[in-house]
Amino acid sequence: MSNRSFFGLAVLAVALLIGANSVYIVSEYERAVVLRFGRLINPDVAPGLHVKIPFADKLRKFDGRILTTDARPESFYTIENKRLIVDSYAKWRIRDVQKYYKSTGGDEAVGASRLASRVADELRNQIGSRTLHEVVSGKRDELMHELTEKLNSVADELLGIEVLDIRVKRIDLPEDVSQSVFDRMAADREKEAREYRSKGAEQAEVIRADADRQVAVLEANAYRDAEIIRGEGDATAAATFAQAYQQDPQFYAFVRSLTAYRNAFANKDDLMVVDPDSDFFRYLKNIEGKK
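With the UniProt record's numbering, the residue at position 57 of the sequence shown is 57, and numbering never jumps.
Have a look at this one:
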């Protein structure tokens, strides 16, 4: 290879190197700044294709999407001086690129660490002014909303970031008090269960007594109606018998005698001692029933 060819390749290589260092691309999900000899000259580069001075300008890119900072569990005390272990996380993104770069040096880990420290401080203040019940149950959403709003203004001013949401993943009691709290909760639930059982037994007795009363009333009314119907039936039967007897007294006496014979001789093993001349055998001796 001749010296001219070698020189041409060297010039081409230098031109490519200079061209590669003169053009850069910022995507839509990135934020970027441009430094010239360490001095910030473009604090917020728009997405797209851009040109810079090679070897003099330096590009720094940052993730412009929503980021998550998972803080380590911290120990906090409520207003009742009860210790809690709180595990939380924060959602945030860069709002002011220039302020973010100046406060963190463009290091995401530094920004996340400083934000986590602020979150821990604010959580300590918020939990310290509330009871255990407010922190654990009904007031948690209100607490997180207040914390997010307050921390967002501070983080925007100091770090140039926007805090979108702060959430508590888990709240635990220390191991040394967990068992005592569990025993107390179990005792409270057992007390409540006993109260429910006693109230249920009381209501059951009331219902059972009312049911017994209704049964007694129904049986009494049924017995009364049955006696009335039975009396009316006996009266009707007596009237019918009297009417039949008046029509033919002799035939009625004969039928009654046959019924008496049927009932008396129904069981063959029975032994009957009766005077043969009694009225019982009157129709057996004489079909007309004459003595």
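Quick reminder that beta carbons are idealized off the backbone N, C-alpha and C, glycines included. Just so you know, these numbers come straight off a predicted model, no measurement behind them.
Handout entry: Straight-line gap, Tyr-223 to Val-215 (C-alpha atoms, nearest Å)
Key = Counting from one through the sequence shown, the residue named residue 223 turns up at place 223. Counting from one through the sequence shown, the residue named residue 215 turns up at place 215. Answer to the nearest angstrom: the Cα atoms are 12 Å apart.
Exercise for the section: Please confirm whether Ala-261 and Tyr-252 have their CB atoms less than 7 Å apart. Expected result: For the purposes of this step, residue 261 is identified with residue 261 of the sequence shown, where counting begins at 1. For the purposes of this step, residue 252 is identified with residue 252 of the sequence shown, where counting begins at 1. Looking at the sequence provided, one finds Tyr at residue 261 rather than Ala. Cβ distance not < 7 Å, so Tyr-261 and Tyr-252 don't count as in contact.
Handout entry: Anticipated Cβ contact below 8 Å, Arg-65 with Tyr-29, distance rounded
Key = On the sequence shown, residue 65 is found 65 positions in, with the first residue counted as 1. On the sequence shown, residue 29 is found 29 positions in, with the first residue counted as 1. Confirmed, Cβ separation roughly 5 Å.
Practice task
Taking Thr-68 as part of the beta strand (DSSP E), name the residues at either end of that continuous run.
Solution key: One-based indexing of the sequence shown puts residue 68 at position 68. 67-70 is the span of the beta strand (DSSP E), which, as asked, contains Thr-68.
Exercise for the section: Report yes or no: do the stretch 103-119 and the stretch 158-176 share at least 3 C-beta pairs separated by less than 8 Å? Expected result: Between the stretch 103-119 and the stretch 158-176, the count of Cβ pairs shorter than 8 Å is three or higher; the stretches touch.
Practice task
Quick one: give me the first and last residue of the beta strand (DSSP E) that Tyr-101 is part of.
Solution key: Walking along the sequence shown from the start, residue 101 turns up at place 101. Boundaries around Tyr-101 are those of the alpha helix (DSSP H), 97-104, since no beta strand (DSSP E) includes it.
Problem - Cut-off 7 Å between Cβ atoms - residues of its own chain near residue 294, not counting five sequence neighbours on either side - result: Here the chain comprises residues numbered 1 to 291, so residue 294 is not present and cannot be evaluated.
Handout entry: Check whether Phe-62 and Ile-94 have beta carbons under 7 Å apart
Key = As a working note, residue 62 is residue 62 in the sequence shown. As a working note, residue 94 is residue 94 in the sequence shown. Their beta carbons are under 7 Å apart, which means Phe-62 touches Ile-94 by this criterion.
Problem - Backbone CA spacing between Leu-164 and Ala-193 [nearest angstrom] - result: Here the question's residue 164 lines up with position 164 in the sequence shown. Here the question's residue 193 lines up with position 193 in the sequence shown. Rounded to the nearest angstrom, the two C-alpha atoms are 43 Å apart.
Handout entry: When Ser-129, Lys-99, Asp-87 and Glu-232 are compared against Leu-40, the one with the closest alpha-carbon
Key = Sequence index remark: in the sequence shown, residue 40 carries index 40 (1-based). Among Ser-129, Lys-99, Asp-87 and Glu-232, the Cα nearest to that of Leu-40 is on Lys-99.
Handout entry: Same chain, Cβ closer than 8 Å to Ile-127, neighbours up to 5 away in sequence not counted
Key = Here the question's residue 127 lines up with position 127 in the sequence shown. Within the same chain, Cβ atoms closer than 8 Å to the Cβ of Ile-127 are found at Phe-76, Tyr-77, Thr-78, Leu-84, Val-86, Val-135 and Leu-143, the five residues on either side in sequence being excluded.
Handout entry: Residue of Gly-48, Ala-239, His-50 and Asp-141 minimising C-alpha distance to Lys-169
Key = Start at 1 with the first residue of the sequence shown, and residue 169 comes out as number 169. Answer by Cα proximity: Asp-141.
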